[in-house]
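First comes the structure, then the notes that go with it.
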Amino acid sequence: MPAPLLTPLRAAVAPAVARTPPMSLQLAGGGRFGSRRRPSVCWVGLGGDVPELTALAGRLSAAARAVGLPVEDRPFRAHLTVGRWRPGQPADGDLPDRLAGYRGPVWPVREVVLWRSHLGPEPRYERTAAWPVG
5 MPAPLLTPLR AAVAPAVART PPMSLQLAGG GRFGSRRRPS VCWVGLGGDV PELTALAGRL
65 SAAARAVGLP VEDRPFRAHL TVGRWRPGQP ADGDLPDRLA GYRGPVWPVR EVVLWRSHLG
125 PEPRYERTAA WPVG
């Protein structure tokens with residue numbers, strides 16, 4: 005993200021998060037992006053207050069667009085990426101199916117954090133802002 009957009013983004017995100025009610029989530033189920041024969045991403049789904057999380061994601065997308073940042077047009081799909089398969093390498097496309105019945109503990113969502121990633125040989129992540137939820 006261009007550094008000059010960081011301050012306007014923080015300002016745009018604050019009211020988007022402020023409208024978020026208290027919510028709780030849990031890891032639930034799993035799946036993959038890509039086909040069983042050629043999977044690309046293994047993910048764990050989310051349960052709990054997913055409609056509230058989806059609404060928040062919509063408001064955050066709108067905030068990013070408002071300051072001129074590009075935002076994906078595909079629908080939000082609540083998940084946690086747990087792994088990626090490398091193209092052309094052997095992959096167990098059935099692995100995500102073994103998560104189908106998994107339900108983790110419920111946890112309260114306490115804040116939304118804006119992270120800035122610094123990619124390279126040794127990637128690092130910098131916490132640049134946070135807003136309380138609920």
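Numbering of the sequence shown is given in the working numbering, commencing with residue 5 and proceeding in unit increments. Ideal Cβ positions, reconstructed from N, Cα and C, are used throughout, including at glycine.
Residues that DSSP places opposite residue i in a beta bridge
i    : result
Y106 : For Y106, which the question treats as bridged, DSSP gives no partner whatsoever.
R128 : H122
S28  : P112
W135 : V116
F80  : None, per the DSSP bridge assignment.
R36  : C46
R88  : V45
Simplified DSSP state of residue i, which is helix, strand or coil
i    : result
E100 : For clarity, residue 100 is Pro in the given sequence; the question names Glu instead. P100: helix per DSSP, three-state reduction.
V48  : strand
L60  : helix
V17  : helix
P43  : strand
V75  : coil
R69  : helix
P55  : helix
Whole-Å CB distance - residue i paired with residue j, under 8 Å assumed
i    : j    : result
A82  : L57  : 6 Å
A95  : G33  : Going by Cβ atoms, the distance from A95 to G33 rounds to 20 Å, so no, they are not a contact pair.
W119 : R128 : Not really, about 10 Å apart at Cβ, beyond 8 Å.
Environment of residue i [buried if 16+ CB atoms lie within 10 Å]
i   : result
R42 : exposed
T24 : buried
R36 : buried
Neighbour flag for residue i against chain D, beta carbons, 9 Å
i   : result
A32 : Among the chains of the structure shown, chain D does not appear; only one protein chain is present.
**Asked** Is the number of C-beta pairs between the segment 107-120 and the segment 21-33 that are closer than 8 Å three or more?
**Response** Segments in contact, yes.
**Prompt:** At a cut of 8 Å, does the segment 39-54 reach the segment 80-94 through at least three beta carbon pairs?
**Reply:** The segment 39-54 vs the segment 80-94: in contact.
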